[in-house]
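Worksheet: the structure to be examined is printed underneath.
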């Protein structure tokens with residue numbers, strides 16, 4: 006059986022605010038065994054597709070499975086890299102172009118572990134987590150985003 | 378047996394529902410998928426994976442009545 010008690014909810018409604026990210030950094034000032042943070046911020050791009058501009062992405066997810074997969078990625082990352090802590094937040098609902106939709110924050114005693122771990126986490130999230138994105142155009146049409 | 382099938386993203390758009398209840402005999406994922414393509418021919422042009430109890434599985438897996446089945450379009454997280 007899956008242990009659901011330790012599975013965190015990664016999802017936040019709407020965009021991830023820059024203030025939230027700043028506060029998250031500030032909270033780590035008391036953890037003085039950390040020597041290096043690395044942060045990934047995914048931002049919604051205003052792609053132009055067939056002369057129409059993406060104004061926002063509306064995210065949805067198979068939430069229960071997604072949280073389970075985020076948890077597995079998290080556990081795998083801790084077992085591969087020597088990290089002090091890790092935080093992952095992903096948006097659900099509408100995120101406008103220019104706003105943040107993914108925030109991954111890893112901390113370690115030393116930079117190399119933090120940098121390697123961060124790349125691993127982000128790539129794993131892209132491949133393994135069932136999150137879906139509807140790219141909304143200015144004329145209210147849409148298309149579905151696919152990760153490369 | 379009755380099975381609830383969940384659809385996400387562009388697949389929910391095609392089937393016009395987030396989930397539906399269907400009646401099937403004991404079958405594999407492959408057999409279930411071909412049945413769903415009969416119900417929803419527009420799914421044929423879509424790329425999707427099947428999750429059973431929140432894990433992606435091989436199409437030879439046998440389904441039981443307690444399984445949670447979901448059709449997942451390509452992922453777009455991040």
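Chains as they are written, first to last, in our numbering: chain Y, 6 to 153; chain E, 378 to 455. Each residue gets a CB set at the ideal place from its N, CA and C atoms; glycine is no exception. Since the model is a prediction, treat every value here as computed from it, not as a measurement.
By a C-beta neighbour count over all protein chains shown, 10 Å radius and 16 as the cutoff for buried, is residue 53 of chain Y buried or exposed?
Its Cβ having fewer than 16 others within 10 Å, residue 53 of chain Y is exposed.
Show which residues of chain E have a CB atom less than 9 Å away from the CB atom of residue 55 of chain Y.
Going along chain E, no residue has its Cβ under 9 Å from residue 55 of chain Y, so there is no contact; the nearest lies around 17 Å.
Starting from the beta carbon of residue 420 of chain E, find every residue of chain Y whose beta carbon is closer than 7 Å, and list them in chain order.
The premise fails here: residue 420 of chain E is roughly 14 Å from chain Y at the closest Cβ pair, so nothing lies under 7 Å.
Could you name the residues of chain Y that residue 385 of chain E contacts, counting a contact when the two beta carbons are closer than 9 Å?
Per Cβ cutoff of 9 Å: 65, 66, 67, 135, 137.
Which class does residue 45 of chain Y belong to by DSSP, given the choice of helix, strand or coil?
Strand.
Mind pulling the chain Y residues with CB within less than 9 Å of residue 449 of chain E?
The contacting residues are 67, 70, 135, 137.
Using beta-carbon positions only, say whether residue 141 of chain Y and residue 20 of chain Y come within less than 8 Å of one another.
No. Outside cutoff.
Out of curiosity, what's the CA-to-CA distance linking residue 105 of chain Y and residue 24 of chain Y?
So the alpha carbons of these two residues sit roughly 11 Å apart.
In whole angstroms, what is the alpha-carbon distance linking residue 103 of chain Y and residue 403 of chain E?
Approximately 49 Å between the Cα atoms of the pair.
Output needed for residue 430 of chain E: all residues of its chain with C-beta closer than 8 Å, excluding positions within five of it in sequence on either side, in chain order.
So the list reads 444, 445, once near-sequence residues are dropped.
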